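Chemist:
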Amino acid sequence: MDTDHGMLFVFKNPQKQSFYMRNTKIPLHIGYFTSDGTLKEIYLMYPEDETPIKSISSSIQFALEMNKGWFANNQVSPGAKLDLDAVQKAFEARGIDGTLYFSDSDQAK
0 MDTDHGMLFV FKNPQKQSFY MRNTKIPLHI GYFTSDGTLK EIYLMYPEDE TPIKSISSSI
60 QFALEMNKGW FANNQVSPGA KLDLDAVQKA FEARGIDGTL YFSDSDQAK
């Protein structure tokens with residue numbers, strides 16, 4: 000992946016999450032975020048490793064996969080926040096109804 004590119008996974012409801020690396024050739028870090036966009040956990044994921052990387056928290060609604068080292072290199076650590084307004088705008092730009100993913104109380108202003 001390019002240096003500052005990644006994959007954001009958005010789930011309709013907060014819950015425990017689990018990811019693995021089937022058919023993935025590069026090492027990644029994954030960050031697990033709560034519904035208010037707070038980063039709770041970061042894990043290293045190894046190429047081709049099918050061992051599940053499970054969240055500890057049961058309130059995870061977003062997962063962000065980035066190149067290995069990206070979180071540390073960009074000083075992004077637990078407590079950091081996703082820009083939920085930017086996520087919603089990205090949804091809108093793609094014709095996706097963000098209300099399916101953000102409750103009124105959590106919706107970015």
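If you're matching positions, the sequence shown starts at 0 in this note's numbering and goes up one per residue. Where a beta carbon is used, it is the ideal one built from N, C-alpha and C, also for glycine. The structure presented is a predicted model; accordingly, all values stated were derived computationally and were not measured.
Evaluate contact between the region 11 to 26 and the region 54 to 66, counting only Cβ atoms and requiring at least three cross-stretch pairs below 8 Å.
Modeler: yes
Chemist: Could you spell out the range, first to last residue, of the alpha helix (DSSP H) harbouring glutamate 91?
Modeler: 83 to 92 is the extent of the alpha helix (DSSP H) around glutamate 91.
Chemist: Along the beta strand (DSSP E) that carries alanine 62, what are the first and last residues, could you check?
Modeler: 59 to 66
Chemist: Who does serine 17 pair with in a DSSP beta bridge?
Modeler: Lys53
Chemist: Would serine 27 and glycine 78 be called neighbours here (beta carbons separated by less than 8 Å)?
Modeler: The sequence shown places leucine at residue 27, rather than the serine named in the question. Cβ distance not < 8 Å, so leucine 27 and glycine 78 don't count as in contact.
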